[in-house]
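For reference, the structure is listed below as C-alpha cells.
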Amino acid sequence: MNKRAIGAIIILMSAALLGIAVIQWFWIKRAVDLNEENFEGRVLTALSRIKDNLLSDENLFENLDILKPGINNPFADSGDGFLQRKRLREAKEISLLLNTESAFDKTLKDRLDKHVKQQFIEQGINLKYDYGVYSKENEGFIILNGNYTVVPSGIIEASDLGSSLEQSLYDSRYEIPLFKIDETLKLYFPTKNSLLWADVLPQMISSIIFTSLVLFCFIYTLSVIFRQKKISEITNDFINNMTHEFKTPIATISLAADSINSPVIIKEEGKIRKFIGIIKQENKRMLNQVEKVLQMALLEKDDFELKFTGVHMNEVVSLASQNAELQVAHRDGQISIDLNASPDLIEGDITHISNIINNLLDNANKYSPESPEIRVSTENAKQGVEVRIQDKGLGMSKDAIKHIFDKFYRVHTGNRHDIKGFGLGLSYVKAMVNAHNGTIKVESEPGKGSEFTLFFPYRQ
Numbered sequence: 000m001n002k003r004a005i006g007a008i009i010i011l012m013s014a015a016l017l018g019i020a021v022i023q024w025f026w027i028k029r030a031v032d033l034n035e036e037n038f039e040g041r042v043l044t045a046l047s048r049i050k051d052n053l054l055s056d057e058n059l060f061e062n063l064d065i066l067k068p069g070i071n072n073p074f075a076d077s078g079d080g081f082l083q084r085k086r087l088r089e090a091k092e093i094s095l096l097l098n099t100e101s102a103f104d105k106t107l108k109d110r111l112d113k114h115v116k117q118q119f120i121e122q123g124i125n126l127k128y129d130y131g132v133y134s135k136e137n138e139g140f141i142i143l144n145g146n147y148t149v150v151p152s153g154i155i156e157a158s159d160l161g162s163s164l165e166q167s168l169y170d171s172r173y174e175i176p177l178f179k180i181d182e183t184l185k186l187y188f189p190t191k192n193s194l195l196w197a198d199v200l201p202q203m204i205s206s207i208i209f210t211s212l213v214l215f216c217f218i219y220t221l222s223v224i225f226r227q228k229k230i231s232e233i234t235n236d237f238i239n240n241m242t243h244e245f246k247t248p249i250a251t252i253s254l255a256a257d258s259i260n261s262p263v264i265i266k267e268e269g270k271i272r273k274f275i276g277i278i279k280q281e282n283k284r285m286l287n288q289v290e291k292v293l294q295m296a297l298l299e300k301d302d303f304e305l306k307f308t309g310v311h312m313n314e315v316v317s318l319a320s321q322n323a324e325l326q327v328a329h330r331d332g333q334i335s336i337d338l339n340a341s342p343d344l345i346e347g348d349i350t351h352i353s354n355i356i357n358n359l360l361d362n363a364n365k366y367s368p369e370s371p372e373i374r375v376s377t378e379n380a381k382q383g384v385e386v387r388i389q390d391k392g393l394g395m396s397k398d399a400i401k402h403i404f405d406k407f408y409r410v411h412t413g414n415r416h417d418i419k420g421f422g423l424g425l426s427y428v429k430a431m432v433n434a435h436n437g438t439i440k441v442e443s444e445p446g447k448g449s450e451f452t453l454f455f456p457y458r459q
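Quick note on numbering: numbering that gives the first Met the number 0 labels position 202 of the sequence shown as 201, and the sequence is numbered without any gaps.
Set out below in C-alpha cells:
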C-alpha cells in the first residue's frame, strides 16, 4: 500500500470519527437542553403558584381586617330583631375565619418558606435550592432562605448569609415579582447542572465507550498497516540482499567452470585444482547463507533441539576472536581480548554459542567504517558469566536499537552499500540467547560505536 492510499485512509477515518463524535455530542446536548426546558417549566410553575398563594394570604388578611369591627359588635345599628338574628348568623360564620387567623398570622418569611417547600414537592423538584426576596428600594435581599437580612419594624431576627449567595441569586433567571413592584422572588439551584447531566450520563458513558472502541480499532488498524508496510519493505530488502549474496558466488562458480573448460587451462592440473577450490569455497558460502535462512525458519516454529553440554566461555570467545582476527587485520584493525571470567563454565549448545559470538564479532567488523577497534571481554556476574563485545564503529540510534533483533531488519548506513547480509544475524542471536536462558543488552550512540553484553547462567 503506497503512502497516498494510507494518507487517504487516515483522512477518511479521522473525518468519520470526528463526524460521529460531533453528532453524538449534538444529541447529548439536545437531551440536556430538553431536560433544562422541562426543569425550567416546573420552576416557573412553582414560582407562579407561590406568588398566587402569597396573594391569597394577603387578601384573606385584608378581608379579616375589614370584618373585625362588625364582628366585635354584631348588633350595632340594628333596628329590629330579624336584622339582629341575621347578623348573628353571619357573625358565627365569620368567627370561624377569625379562629384560623392565628394559623396565617405569620411573618412573610415563614409563609414564603412554607409555600416554596410545598410547591417544590408538588412539582417534583427534589434539588438543593436557595431563594431570596430582592428589594430595589433597599438595593439588596431582604429575605434569604427563610431569614431576614434586614430588620423590619416589629421583627427582631436577622441573618447575614454572605455576598456569594446573594450574587448567585441576583444573577439567577428564575424570578417573579411579588406584591410590591420593587420586590422580586428569586430562586437559585447550585446543583442544577448535575441534575440535568445525570439523566444523560448513561448515554454519554456508552457513547464515550463505543467511540473509544472505534478509535482504538482505528489506531490498531493504522499500526497494523504501518507494521505490514515496514515488513514489506524489510522483506523486499531481504530479497534484494539474498539475490545479491547468491548472485556473486554463482557468477564466480560460472567463471571458474568456464575457465576449467578452456583448452588452455584444461591441460594444467594446478590451475584446475585452483578453480575447483574456488568453486567449493563459493558453494560453501551459498550453503552457509541457505543454512541461516533455514535456521531462522526453524526458530520461528520452535522446531529445533539444543545439545546442552558444559561450555567454557573463555575458550569459545578466544577461538571466535582468532577466527575474526584475520578479517579485522585485513582492514588494518585489531581485536583485544580480556578473559577475566573464572569460573567460566556454562551449560549450552557449543555450536550455537559459537555462532552467537561469531555473529556479534562479524557485525562489529562490518559496521566499523575503517580500521576496526574491537574489544572482547568475559567477566563473572551474579550466577553467571558476562561477555562484552565493544566496537568503535557507526553506532545506532535509539530507534534502531528497538528493532535490531527483528527478523530481516538491517541498520541504515546512509550512502554505504557495501555491508552485506540478510538481517538475520541478530535475530538469530536473540533467539539463541533466550533459548539458553540468557540475556542480551545493547548500548550504542551514533558515531561512537556499540556494546553488546551477553549473560549466560552457570552450569548447575
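For each residue, glycine too, the CB sits at the ideal point set by N, CA and C.
In this text, all values refer to a predicted model and were calculated from it rather than measured experimentally.
For the pair of segments examined, the stretch 210-218 was found not to touch the stretch 162-169: the number of CB pairs separated by less than 8 Å stays below three. Collapsing the DSSP output to three states places His-435 in coil.
Counting only runs that start and end inside the stretch 131-219, the alpha helix (DSSP H) elements of at least 4 residues fall at 162-170 and 191-197. According to DSSP, Val-441 shares a beta bridge with Phe-451.
The secondary-structure analysis by DSSP pairs Arg-374 across a beta bridge with Ser-335 and Gln-389. In this structure, DSSP gives Asn-379 an extended state, which the three-state scheme calls strand.
By the criterion of a C-beta distance shorter than 8 Å, Lys-127 is surrounded in its chain by Phe-188, Pro-189 and Thr-190, once the five residues flanking it on both sides are discounted.
DSSP, read as helix, strand or coil, puts Val-263 in coil.
The stretch 369-383 makes no contact with the stretch 346-353: fewer than 3 CB pairs, one atom from each, lie closer than 8 Å. Contact between the stretch 128-136 and the stretch 201-209 is absent: fewer than 3 CB-CB pairs across the two stretches fall below 8 Å.
Here the alpha carbons of Lys-365 and Phe-454 stand approximately 23 Å from one another. Bounds of the beta strand (DSSP E) holding Leu-344 are 344-347. The stretch 442-449 and the stretch 388-406 touch, with no fewer than 3 CB-CB distances between them shorter than 8 Å.
In this structure, the beta-carbon distance from Ile-275 to Ala-250 does not fall below 9 Å. Within 10 angstroms of the beta-carbon of Val-432 lie 16 or more other beta-carbons, which makes it buried.
Note on geometry: alpha-carbon atoms of Phe-404 and Ala-430 lie some 9 Å from one another.
Around the CB of Ala-45, 16 or more other CB atoms lie within 10 Å, so the residue is classed as buried.
Annotated three-state conformation of Gly-424 is helix, per DSSP. Of the residues Ser-193, Ser-341 and Gln-280, the one whose Cα lies closest to the Cα of Val-31 is Ser-193. In this chain, the beta strand (DSSP E) harbouring Gly-309 covers 308-311. Of the candidates Ile-207, Gly-6 and Ile-120, Ile-207 places its Cα closest to the Cα of Ile-27. Just so you know, the alpha carbons of Ile-439 and Glu-385 end up roughly 10 Å apart. For Asp-129, the three-state secondary structure derived from DSSP is strand.
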